[in-house]
Amino acid sequence: MSQISRTKCKEATPRCGHVAASYGQYMIVWGGYSIENNFQYYLAAKELWIYNTENKSVNNFEFYLPANELWVYSTENNIWHCMKTDPQLCPFELSGACACCYGDSMYVFGGHNSFGNSNELYRLDLKTYTWHLLESDQSPSPRDKAVAWFYNQKFYCFSGFGPSMSGHMTDNGAYVEDSENTVFPRRGWNNQLCVYDTVNKEWANPKCKGDVPLPRAASSAARIGSDVYLFGGRHKTTRMNDLHCLDLETLTWSGELRTEGCLPCGRSWHTLTAIPNNRLFLYGGFDQNNTLFSDGWILDTITLSWCHLDYLPSNQPRLWHTSTLSTAGEIIIFGGCCNNILDYSLENKISGEVLTIQLQPYSLLRLCLDDVYQRKSQTEDLWEELPQPLCLWLQDKNKLEQISTTYDMDSDSEGDLGVNEPGLACSIS
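Now the structure itself:
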């Protein structure tokens, strides 16, 4: 039985370069890096893997966050839990990995740490919170800042930044070395599509049809049905605003798509999230002039038209953050850097906030349940008379809010949050 501890927290450790994925009503967060000023208790740790201290002031010491920590956020109750997994099984500390959930597992690939880039693929069992390294006879080259998605029991990874692909899968895909990078080993961008089959447990590097997008890193991608949309990212010295679509049934790239309306500026380190009605939500990022964005855009993938959401606040810039979709249709943005990440004379501002953007009204059922819960002193004795899914939703919400705020314990139920198991808990949108 794995040793797992949990702590209820008001907020997670501020971070950037982390990964996040939706799992039922939960957002699962792992990895990334932070700065010393955020949480002094990390200074007492025996080992800290330094992310980048070059030209940094004493007050801006950056470090990778502990790899055995997993942060679980309930999007329905706005409560964080820190789950500590077995440190002997988890990946190394990383930033710039890519991840997504499939079934009761989260898959994490690649990333970067003090030793360089990684090309390892891990599966985290979300029932037991146990890490598993997925080994294969061949694998992609080490890289970070790639994008990933799942389709038909396969984990897809595209592009990224890392050393040459030589010695790894090189059947398809191009590599462009960064001529300005003087650090050994030399690194660069790629446009390689790599696919891990979770049934056969093998990597493949298939040949795609159509016009493959330029090699890039720190782009964004989101899947709608059998189509994956790719936007922006950095290629050499250019931060792009091109839009491409990959048909996963035929592995055919569309070439650059022409869209209607005003276009978002070229950017990297932004997020793209699939939302209902065949739409995509674009948020934040970093442009050609090292300017941060606090803007939101919606792309209608049927009409290929962009719409700028001018009502969003302009004072919440983010780059290298994450964005997930809640069961209620909310955009959940977490973490990220809030100033120029490349200006080493400045102290980085790294966020621990959760920004919730509601793009549609809650259902009448959800509004009624919220009202019933607010009146629980009058209604709690009657909850069991409701249909079971509604009763469970109210009971789970009540249990989460009653969990002690100051404990750190071993969980006999291997990751049980004190409510129905994540992914099985009733979600009312």
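Each residue of the sequence shown is one higher than the one before, counting from 1 in UniProt numbering.
Note that beta-carbon positions come from the ideal geometry of N, C-alpha and C, so glycine has one too.
The three-state secondary structure of Thr379, taken from DSSP, is helix.
In the three-state scheme derived from DSSP, where H, G and I count as helix and E and B as strand, Arg187 is classed as strand. Restricting attention to Glu62, Tyr26, Ser254, the CA atom closest to the CA of Leu346 is found in Glu62. Counting C-beta pairs closer than 8 angstroms gives fewer than three between the stretch 82-91 and the stretch 387-405, which falls short of the contact rule. Annotation: Trp30 to Lys145 spans about 15 angstroms, alpha carbon to alpha carbon. One thing to note: Asn152 has its Cβ no nearer than 9 angstroms to the Cβ of Asn205.
Bridge pairing for Lys209: Thr252 [DSSP].
By the 16-neighbour rule on beta-carbons within 10 angstroms, Tyr33 is buried.
Under the DSSP definition of a beta bridge, Met169 lacks any partner.
With at least 16 other beta carbons inside 10 angstroms of its own, Tyr122 counts as buried. For Leu214, there is no enclosing beta strand (DSSP E), since its DSSP letter is neither H nor E. For the pair Phe286 and Asn340, the Cα-to-Cα distance works out to about 8 angstroms.
Assigned with DSSP and collapsed to three states, Asp242 falls in strand. With fewer than 16 other Cβ atoms from the protein chains shown falling within 10 Å of its own Cβ, Lys209 counts as exposed.
A Cβ-Cβ contact shorter than 9 angstroms links Trp320 with Ala218. Lys397: member of the alpha helix (DSSP H) spanning 388-402, first to last residue. Nearest to Phe293 by alpha-carbon distance, out of Cys307, Arg279, Gly266, is Gly266.
Taken atom to atom, the span from the alpha-carbon of Ile332 to that of Asn315 is near 17 angstroms. Relative to the Cα of Ala221, the nearest Cα in the group Thr198, Lys201, Ser254, Leu246 belongs to Leu246.
Gly111 is positioned such that its CB atom lies closer than 9 angstroms to that of Ser118. Under the three-pair Cβ rule at 8 angstroms, the stretch 296-313 counts as touching the stretch 249-263. If you check the CB distance, Arg318 and Leu355 come in under 9 angstroms. Nearest neighbour of Ser141 by Cα position, chosen from Asn190, Val147, Cys101, Phe115, turns out to be Asn190.
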